[in-house]
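Under this note's numbering, the first residue of the first sequence carries the number 389, and numbering increases by one thereafter.
What follows is a set of notes on a single structure, which appears directly below.
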Amino acid sequence: MAPRKDGPTKETMNRGAWTQEEDQKLAQCIQIHGAKKWKTVANNSGLNRCGKSCRLRWLNYLRPNIKRGNISDEEEDLIIRLHKLLGNRWSLIAGRLPGRTDNEIKNYWNSHLCKKASHIEEKPETSTAQETIAQDNVVGDNAMLENKDSISGSLDSDVIFNVNEFLDFPTEEPYVFDWVNKFLEIETNN
DNA sequence: AACAGCCACAACCGCCTTAGT
DNA sequence: GACTAAGGCGGTTGTGGCTGT
389 MAPRKDGPTK
399 ETMNRGAWTQ
409 EEDQKLAQCI
419 QIHGAKKWKT
429 VANNSGLNRC
439 GKSCRLRWLN
449 YLRPNIKRGN
459 ISDEEEDLII
469 RLHKLLGNRW
479 SLIAGRLPGR
489 TDNEIKNYWN
499 SHLCKKASHI
509 EEKPETSTAQ
519 ETIAQDNVVG
529 DNAMLENKDS
539 ISGSLDSDVI
549 FNVNEFLDFP
559 TEEPYVFDWV
569 NKFLEIETNN
């Protein structure tokens, strides 16, 4: 590692909850520099925050089209199913839920659904074939993701499906639940 | 009213990946 | 190809608010 340039250090960096004023400054700076160059944004915003912190604040709270709170039953169900399929890949799961962030889903999972899901696990009679399929595919998830440019199937499962269909659906509202329905159809057709 | 315990959520930390030189 | 900085992600922690005693 090269020696660090002078600048705000961990000790001098502003930390903790964001104020309205900071949010405004950040939003203005992102308008100018874009929501990508976080180092530049952090340096030019006048905020004594690191790029990571700015990024997180923008992605989770200031970004347009963010939905806050009130996760619907449908969304909850979708999260549970996606989690079965993808595991703790929060950003991927969030990508299937328009307006929701990975942090929000992660928090929601840890505080609400974790117990709920484990409770469901304890009742094997309620688990369905599609859940079994999902479990199988979680195992091969990494490999599948690496090959997501090609049509691939699960190695150990009888079920063959197109990874692109699972990961590259449009995230506009009506399509999201179609995606789940499509997923469920696999089980129905078996 | 005061306190303790619990819960939800915002933010930070550390690791890994990617892009640039 | 090696190295560095920055971005991205998931895990974890800190804290404020709520509820029960």
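Using N, Cα and C, we set each Cβ at its ideal position, and we do this for glycine too.
Report yes or no: do three or more beta-carbon pairs, one from the region 484–494 and one from the region 446–463, lie closer than 8 angstroms?
yes
Flag this pair as yes or no: are the beta carbons of Ile467 and Trp497 separated by less than 8 angstroms?
yes
Rounded to the nearest angstrom, what separates Met401 and Gly483 at their Cα positions?
31 angstroms
Where in the region 482–507 do unbroken runs of the beta strand (DSSP E), each at least 3 residues long, occur, reported from the N-terminal end onward?
none
According to DSSP, is Met532 part of a helix, a strand, or is it coil?
With a pLDDT of only 39 at Met532, under 50, the local geometry of the prediction cannot be trusted, and no value is derived from it.
By alpha-carbon positions, which one of His421, Ala423, Arg477 and Ser433 ends up nearest to Glu409?
Ser433
Could I get the ranges of all uninterrupted alpha helix (DSSP H) runs contained in the region 453–480, with 4 residues as the minimum, in chain order?
461–474
Euclidean distance between Cα positions of Arg445 and Ala430
12 angstroms
Would you kindly work out how many angstroms separate the C-alpha atoms of Trp478 and Gln416, rounded to a whole number?
28 angstroms
What three-state label does DSSP hand Lys425 in the structure shown?
coil
Between Arg443, Lys413 and Ile420, which has its C-alpha nearest Asn491's C-alpha?
Arg443
Could you check where the alpha helix (DSSP H) with Cys442 kicks off and where it finishes?
Gly439 to Arg445
Alpha carbon to alpha carbon, how far is Lys427 from Gly439?
5 angstroms
Residue of Asp461, Glu462 and Asn495 minimising C-alpha distance to Asn476
Asn495
Assuming Leu450 and Leu414 are in contact, meaning their beta carbons sit under 8 angstroms apart, how far apart are those beta carbons, in whole angstroms?
6 angstroms
Identify, in the order they occur along the chain, each residue of the same chain with its Cβ nearer than 8 angstroms to the Cβ of Ile481, setting aside the five sequence neighbours on each side.
Ile467, Leu470, His471, Leu474, Asp490 and Ile493
At a cut-off of 7 angstroms, is Ala405 close to the ligand FAD when judged by its beta-carbon and the heavy atoms of the ligand?
Ligands are entirely absent from the displayed structure, and the ligand FAD is therefore not among its contents.
When burial is assigned at 16 or more other CB atoms within 10 Å of the CB, is Ile418 buried or exposed?
buried
Give the secondary structure of Leu450 by DSSP, where H, G and I count as helix, E and B as strand, and everything else as coil.
helix
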